[in-house]
Amino acid sequence: MEQKIMKRRTILKGGAAAVGLLGTGASTAVVTSVERASADTAQSPLPDQILSAIERFRETIPANFDRDYIEKAIIPFFLTSFYEGERPLLPLIDVNFTKENALPYDLWGLITRDWRPTPEAGVTVFLQGLEKRGPDNLRKRIYFAAVTPDLYKPMYGAKVVAFFDKLMDQQFANKPFMRHYLDYYFDLYWDLHLGVTGDAIPFEVRQIGEAFNTVLAYRNPLLPITYDNYMIVRDRLEFLKSWIDDRLADIENGKIKNPEKTIAWYWLKNAGDGSHFAKKDVVFECFHNFVALSQWGNSIFGTMSRLAEDGGDPAVRASFQKTMSGNFDNANGAPFTPLELFVMELFRVISPNGGSISAIHDARTSAYGASPQQRFGFPMERYSYISTPHTSTSLEPVHWKEPNVFDPQRYLSVPTSAQITEDKCQQIGLARCPFEITNFQVKDGRKANVTNSGFGTVFGVVDGKSFPVCDYAGFAPFGFGYRRCPGEQLTIQVFEDFLRKIWRDKIVFRKLNLASPGQVPIGPNAVIDDDLGFGRSA
Ligand code: HEM
Numbered sequence: 115m116e117q118k119i120m121k122r123r124t125i126l127k128g129g130a131a132a133v134g135l136l137g138t139g140a141s142t143a144v145v146t147s148v149e150r151a152s153a154d155t156a157q158s159p160l161p162d163q164i165l166s167a168i169e170r171f172r173e174t175i176p177a178n179f180d181r182d183y184i185e186k187a188i189i190p191f192f193l194t195s196f197y198e199g200e201r202p203l204l205p206l207i208d209v210n211f212t213k214e215n216a217l218p219y220d221l222w223g224l225i226t227r228d229w230r231p232t233p234e235a236g237v238t239v240f241l242q243g244l245e246k247r248g249p250d251n252l253r254k255r256i257y258f259a260a261v262t263p264d265l266y267k268p269m270y271g272a273k274v275v276a277f278f279d280k281l282m283d284q285q286f287a288n289k290p291f292m293r294h295y296l297d298y299y300f301d302l303y304w305d306l307h308l309g310v311t312g313d314a315i316p317f318e319v320r321q322i323g324e325a326f327n328t329v330l331a332y333r334n335p336l337l338p339i340t341y342d343n344y345m346i347v348r349d350r351l352e353f354l355k356s357w358i359d360d361r362l363a364d365i366e367n368g369k370i371k372n373p374e375k376t377i378a379w380y381w382l383k384n385a386g387d388g389s390h391f392a393k394k395d396v397v398f399e400c401f402h403n404f405v406a407l408s409q410w411g412n413s414i415f416g417t418m419s420r421l422a423e424d425g426g427d428p429a430v431r432a433s434f435q436k437t438m439s440g441n442f443d444n445a446n447g448a449p450f451t452p453l454e455l456f457v458m459e460l461f462r463v464i465s466p467n468g469g470s471i472s473a474i475h476d477a478r479t480s481a482y483g484a485s486p487q488q489r490f491g492f493p494m495e496r497y498s499y500i501s502t503p504h505t506s507t508s509l510e511p512v513h514w515k516e517p518n519v520f521d522p523q524r525y526l527s528v529p530t531s532a533q534i535t536e537d538k539c540q541q542i543g544l545a546r547c548p549f550e551i552t553n554f555q556v557k558d559g560r561k562a563n564v565t566n567s568g569f570g571t572v573f574g575v576v577d578g579k580s581f582p583v584c585d586y587a588g589f590a591p592f593g594f595g596y597r598r599c600p601g602e603q604l605t606i607q608v609f610e611d612f613l614r615k616i617w618r619d620k621i622v623f624r625k626l627n628l629a630s631p632g633q634v635p636i637g638p639n640a641v642i643d644d645d646l647g648f649g650r651s652a
């Protein structure tokens, strides 16, 4: 045994020394602890191939990169593993796979000054384990109160419609669409969150938003474009936070016109004593939503690409024609309108978000005492995450007879969140619901509850009317259960308005066939050739 440990130690020390070779980026802390760890063991030389591989890697890090960036973003990026999780049979993810800090470690520097979780400076529900959210997922319910579907038409819809009208004004026809979208996008983003738009948005605030999206889109931390934008985000983060803080004060003091038409207003009104949604958390949510709403970009691009006259998807185009030729806003007693069903099906096939990310518990601790890192004081922490897949779950033949057919009607034969009751759970064969059904009464003057299904899926009931979602694992684009996307219905409503505009104005999308289209960062992991434009059909 002793011999085995010695052997492992030697290898670890060699490995750490190897990381020390990363050059300017290798911290003194790393090097010192490596020296400490190796004091009692003889240095074994690294095989030449590894040494030269490390040397080659070192050479790929541009010399001007900041030391902290190398240590806190590049190294964690390469020490991170992502595993593909199960395709769930029920729309649930067990709490063993936690949301607590479930952010790829190299990205923490984008949202915190210290490059690591610092809950004392504010948290987002997106990165909170269920056990930290207050009773019955309270934090999520407060968040959700701001985006229940009843609010869309009176509060947010006009902002969205005006945005699309401006975006698709005739003067912008036959021009690259996505660059143009991004140029306006932050007007809509800040208008929805804080009621601020146009010139009232400072340059720094626009700049950090664009830089944030660029990092998420390019993702590779070794690229100069990623580095430059990451550092812009870090540079502007404190400015942004204090700007948001001041605007929240404006909302509270009535200095913003129609404050009830902002998302933040509902968060502030429903936060109670703030113990589960403090003001600093509202600030945090306001900019963490950069991640959430950035997905509208790739969803818009995915929609345009499928509807395009040349190279579009004939089944999607035919379904759009059929939906819009009927009474598309009339649900006729069904839980969803025809247009809503169409958008849901669009999201199932576009699947703009590949998987729900969870942090995992290190089972080495229970299996054999401790992780090698803990046991040998090895200072390089590994980071591992599980992704519960969306696309393959949405296309799983266990869930749908014809998963590859574009069929908006499919959601009429599977349960909604309002139908997943105690009885339904027992009918499935469970002894009880995984989540007790409870209600949170909103405190913003509406007669509205934020309730949940037996699977934990949160949804609204306003003036006695339920606004459920499809609570079926085969519909995966917005995730599952207690951690499912609260912005799902807002997103669907936004896309309904996008499609109404397209239909009403006879908008068509076409390839521009540009010789060298611009590269545009339109969403997480998505940099596209900006080669689609719009026109009007005769
Ligand atoms: C195309 C648009 C969007 C897509 C595809 C999307 C997708 C998702 C998915 C898959 C999750 C679950 C992640 C997980 O369980 O790990 C999620 C969570 C979340 N989303 Fe969205 N989202 C979108 C838009 C939005 C919008 C517009 C908002 C806010 C207004 C939002 C806010 C959130 C929040 C706060 C969570 C965390 C929920 C929780 O952990 O309880 N998202 N989103």
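Taking the working numbering, the leading residue of the sequence shown gets 115, the next gets one more, and so forth.
Every residue gets a Cβ at the ideal spot worked out from N, C-alpha and C, and that includes glycine.
Quantities reported herein were computed from a predicted structural model and do not represent experimental measurements.
{"Check": "Option in Glu602, Phe589 and Asn563 with minimal Cα separation from leucine 252", "Outcome": "Asn563"}
{"Check": "Lysine 579 (DSSP reduced to helix, strand or coil)", "Outcome": "strand"}
{"Check": "Secondary structure of alanine 481, DSSP reduced to three states", "Outcome": "helix"}
{"Check": "Cysteine 653 vs methionine 458 beta-carbon contact at 8 Å", "Outcome": "Residue 653 cannot be examined here, being either before or after the span of the chain that is shown, 115 to 652."}
{"Check": "Valine 329 in three-state terms, based on DSSP", "Outcome": "helix"}
{"Check": "Cα-Cα separation, leucine 346 to asparagine 215", "Outcome": "The residue asked about is misnamed: residue 346 is isoleucine in this sequence, not leucine. In a straight line, the C-alpha of isoleucine 346 is about 23 Å away from that of asparagine 215."}
{"Check": "Own chain partners of aspartate 154 with C-beta closer than 7 Å, once the 5 adjacent residues on each side are dropped", "Outcome": "Any reading at aspartate 154 must be qualified, since the residue scores a pLDDT of 37, below 50, and its modelled position is unreliable; the value itself is stated next. Result list for aspartate 154: empty, nothing under 7 Å."}
{"Check": "Beta-carbon separation (whole angstroms), proline 296 vs lysine 273, contact threshold 8 Å", "Outcome": "It should be noted that the sequence gives leucine, not proline, for residue 296. That pair is no contact at about 17 Å."}
{"Check": "Cα-Cα separation, glycine 416 to proline 591", "Outcome": "13 Å"}
{"Check": "With 16 other Cβ atoms within 10 Å as the buried cut-off, status of asparagine 343", "Outcome": "buried"}
{"Check": "Anticipated Cβ contact below 8 Å, valine 329 with leucine 224, distance rounded", "Outcome": "6 Å"}
{"Check": "Serine 166 burial status per 10 Å Cβ neighbour count (16 or more: buried)", "Outcome": "exposed"}
{"Check": "Cβ-heavy atom distance, histidine 90 to the ligand HEM, below 7 Å", "Outcome": "No answer is possible for residue 90: it lies beyond the span of the chain, which begins at 115 and ends at 652."}
{"Check": "Of the residues Gly236, Pro249, Leu509 and Asp283, the one placed nearest isoleucine 616, counting alpha carbons only", "Outcome": "Asp283"}
{"Check": "Arginine 650 - DSSP class collapsed to helix/strand/coil", "Outcome": "strand"}
{"Check": "Tyrosine 257: CB within 7 Å of a non-hydrogen atom of the ligand HEM", "Outcome": "yes"}
{"Check": "Where alanine 640 sits in the DSSP three-state scheme", "Outcome": "strand"}
{"Check": "Exposure of asparagine 627, with buried meaning 16 or more beta-carbon neighbours within 10 Å", "Outcome": "exposed"}
{"Check": "Own chain, CB closer than 8 Å to aspartate 64, minus 5 neighbours either side, in chain order", "Outcome": "The shown model of the chain, from 115 to 652, leaves out residue 64, and the question about it has no answer."}
{"Check": "Those runs of the alpha helix (DSSP H) which lie wholly inside the segment 390 to 465 and span at least 4 residues", "Outcome": "393 to 421, 428 to 439 and 452 to 464"}
{"Check": "Nonlocal neighbours in the same chain, by C-beta distance under 6 Å from serine 580, ignoring five residues either side", "Outcome": "Ala532"}
{"Check": "Which residues DSSP lists as bridging lysine 625, in chain order", "Outcome": "Leu646"}
{"Check": "Cβ neighbour criterion (16 or more within 10 Å) applied to glutamine 157", "Outcome": "Low confidence applies to glutamine 157: its pLDDT is 46, below 50, so where it sits in the model is not reliable, and the reading given next is rough at best. Exposed."}
{"Check": "Bounding residues of the alpha helix (DSSP H) (the contiguous stretch that carries threonine 376)", "Outcome": "First-last for threonine 376: undefined, no H or E at that position."}
{"Check": "Residue burial classification, aspartate 162 (beta-carbon count within 10 angstroms, cutoff 16)", "Outcome": "exposed"}
{"Check": "heavy atom of the ligand HEM below 7 Å from serine 413 C-beta", "Outcome": "yes"}
{"Check": "6 Å Cβ shell around tryptophan 222 - same chain, five flanking residues per side excluded", "Outcome": "Trp229 and Arg230"}
{"Check": "Closer than 8 Å to chain C by CB, arginine 293", "Outcome": "The structure shown has no chain C; it contains just one protein chain."}
{"Check": "Segment limits, alpha helix (DSSP H) that includes isoleucine 189", "Outcome": "189 to 192"}
{"Check": "Alpha-carbon to alpha-carbon, threonine 212 and alanine 132", "Outcome": "Low confidence applies to alanine 132: its pLDDT is 35, below 50, so where it sits in the model is not reliable enough to give any reading."}
{"Check": "beta-carbon threonine 605 near the ligand PLP non-hydrogen atom, thresh 7 Å", "Outcome": "As for the ligand PLP, it is missing from this structure, which binds only the ligand HEM."}
{"Check": "For glycine 386 and proline 635, the rounded distance between their alpha carbons", "Outcome": "38 Å"}
{"Check": "Inter-stretch contact at 8 Å, needing at least 3 Cβ pairs: the segment 375 to 391 / the segment 259 to 266", "Outcome": "yes"}
{"Check": "Simplified DSSP assignment, three categories, for threonine 174", "Outcome": "helix"}
{"Check": "Backbone CA spacing between phenylalanine 648 and glycine 426 [nearest angstrom]", "Outcome": "13 Å"}
{"Check": "DSSP three-state assignment for phenylalanine 554, whether helix, strand or coil", "Outcome": "strand"}
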